[in-house]
Amino acid sequence: MTRWPLTLPSWSQADLNTAADSVRTGQLTMGARVKEFEHAFAKLVGARHAVMTNSGSSANLLAVAALSYHPHHPLIKGSYRTAIVPAIAWSTTYSPLHQHELTLCVVDVDDTFGIDIEQVKHALTPDTRLIVAANILGVPANMGELRFLAEARGIWLLEDNCESLGAALGAPYQRWCGTWGHVGTFSTFASHQLGTGEGGMLVTDDPIVAELAICLRAHGWARDLPVGSLLRPLNIASHAFKAAYDFLVPGYNLRPLEMQAVLGLSQLPRLAAMQELRVKNAAYFRETMSDCPYLQQGIRGKPVPYGFVLIAQFVEHRARTLMALDAVGIEYRMVTGGCFTQHPAAAHYLYTTHGTLPNAKRIHDCGFFIGNHAVDLSREIDLLHKTLKGIKP
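Taking the numbering used here, I'd label the letters of the sequence shown as residues 663 to 1055.
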């Protein structure tokens, strides 16, 4: 019997009913409610533009594609096509880079599991066109320094914030993660801090990136571009037929549903309260587990933890721990996607590593995480503590 599930949905039955009612008008895909959610989300996180997608993975794909087609600062320029990436992230943090023919330079992570800024500095070369950072399980990476470094070098910074809605940096933590990069991505997958079943969001302050994302999301089509578009100066009124079928870039179909947007909108009023519960659980977890022989994830800024990480002392210690958790009904999983280079998929990428990635490999081999939810988990944390205290390293 599961006593502590890995995931719980953030929506209520009332939210589901509202979402179902919203589609009875007949508009199922990408309509007025998607636009409303985009505007509300941009305001929430402090970005000028937000473009909703059918998943966070799709938001990553749109981000890389939009930077690739940027007319003033294309991501790839001649032979200059290297992206510096963290060794720990989700598979679709990397996939769009491969699909757009970038070479990866994989660097290690720091104690927050975010990309190590010192490793990034040493990995930079004249070929570097992009730095990718991922905020892991609700904890910010060193985004301020990464943005400064990217600006100084004239290269793009992509911030994968799919696991970390609500995390913030900068005194007094006023700037939300996801907005430190030139483009940022979020996931509203069912298990995340705000869930719409499937869904994601791209945010940016660059209007050209936003317009490219709008085109790319729907077949490369220009039809949804705003009046006064920077990408299409065509006078729409005098060329209405042609304007309705202009395709500006090679695109995809990554459009979200109206129901997803309504489900997100219905949760926004409760988001702050849900975040507060997650933060409270995390504080109790860190205090309670402090006498157990496991390393915990480091903290930077204001986290909104998506899960609780523990790193065992060695591989066999983790194996015994996971067996004990199975016995008491506590679910667990690998830390995000584990170390990129340790998966068979890495053989399909063109990549190099900067150093031997000791931190990421230890997290991969010895780490695991347990879900954090927007409910009081003190009883479950006490059960975990009791279980762990009975395991000898």
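Just so you know, even glycine gets a beta-carbon here, dropped at the ideal spot from N, CA and C.
Assigned secondary structure, residue i (DSSP; H/G/I helix, E/B strand, else coil)
| i | result |
| --- | --- |
| residue 943 | helix |
| residue 1057 | Since the first residue shown for the chain is 663 and the last is 1055, residue 1057 is missing from the structure and cannot be characterised. |
| residue 822 | strand |
| residue 966 | coil |
| residue 805 | helix |
| residue 714 | strand |
| residue 983 | helix |
| residue 748 | strand |
| residue 871 | helix |
| residue 959 | coil |
| residue 863 | strand |
| residue 782 | helix |
| residue 903 | helix |
| residue 792 | strand |
| residue 810 | helix |
| residue 977 | helix |
| residue 768 | strand |
| residue 919 | strand |
Other residues of its chain near residue i: CB distance less than 7 Å, five sequence neighbours each side excluded
| i | result |
| --- | --- |
| residue 680 | 924, 928 |
| residue 673 | 857, 925, 929 |
| residue 973 | 956, 957, 1024, 1025, 1028, 1029 |
| residue 823 | 797, 839, 840, 846, 847, 848 |
| residue 690 | 919, 920 |
| residue 696 | 714, 918, 920, 923 |
Rounded separation between residue i and residue j - CA only
| i | j | result |
| --- | --- | --- |
| residue 1000 | residue 905 | 46 Å |
| residue 1002 | residue 749 | 5 Å |
| residue 819 | residue 719 | 17 Å |
| residue 801 | residue 966 | 7 Å |
| residue 942 | residue 889 | 45 Å |
| residue 877 | residue 726 | 13 Å |
| residue 862 | residue 732 | 21 Å |
| residue 1039 | residue 991 | 14 Å |
| residue 1048 | residue 779 | 37 Å |
| residue 773 | residue 677 | 37 Å |
| residue 789 | residue 1016 | 15 Å |
| residue 970 | residue 977 | 19 Å |
| residue 983 | residue 1050 | 7 Å |
| residue 1020 | residue 767 | 15 Å |
| residue 997 | residue 799 | 8 Å |
| residue 1034 | residue 668 | 8 Å |
| residue 825 | residue 806 | 18 Å |
| residue 758 | residue 722 | 7 Å |
| residue 1046 | residue 852 | 24 Å |
| residue 854 | residue 671 | 8 Å |
| residue 1043 | residue 1032 | 10 Å |
| residue 776 | residue 803 | 5 Å |
| residue 916 | residue 866 | 18 Å |
| residue 873 | residue 883 | 10 Å |
| residue 827 | residue 842 | 13 Å |
| residue 829 | residue 959 | 15 Å |
| residue 940 | residue 1018 | 34 Å |
| residue 975 | residue 954 | 11 Å |
| residue 693 | residue 881 | 16 Å |
| residue 770 | residue 980 | 21 Å |
| residue 814 | residue 787 | 13 Å |
| residue 700 | residue 922 | 12 Å |
| residue 730 | residue 831 | 28 Å |
Cutoff 8 Å; reference residue i; Cβ partners in own chain excluding five residues on either side
| i | result |
| --- | --- |
| residue 783 | 811 |
| residue 763 | 738, 743 |
| residue 791 | 737, 738, 739, 742, 743, 744, 745, 764, 817, 818 |
| residue 1005 | 753, 999 |
| residue 1010 | 760 |
| residue 903 | none |
Sequence-distant residues of the same chain with beta carbon closer than 6 Å to residue i, five excluded per side
| i | result |
| --- | --- |
| residue 987 | 994 |
| residue 950 | 1043, 1047 |
| residue 908 | 884 |
| residue 1013 | 766, 768 |
Residue-level contact to chain B via CB, residue i, 8 Å cutoff
| i | result |
| --- | --- |
| residue 689 | No chain B appears in the structure shown, which is made up of a single protein chain. |
> Do three or more CB pairs link the region 695-715 to the region 749-766 at distances below 8 Å?
Replying inline: no
> Taking the runs of the alpha helix (DSSP H) that are 4 residues or longer, which of them lie wholly in the region 668-707?
Replying inline: 675-684, 694-707
>> Assess contact between the region 773-789 and the region 681-694, defined as three or more Cβ pairs (one per stretch) separated by less than 8 Å. Is contact present?
In response: Three or more Cβ pairs closer than 8 Å define a contact, and the region 773-789 falls short of that threshold against the region 681-694.
>> List, from N- to C-terminal side, the alpha helix (DSSP H) runs of 4 residues or more that fit wholly inside the region 996-1048.
In response: Segments of the alpha helix (DSSP H) lying fully in the region 996-1048: 1020-1028.
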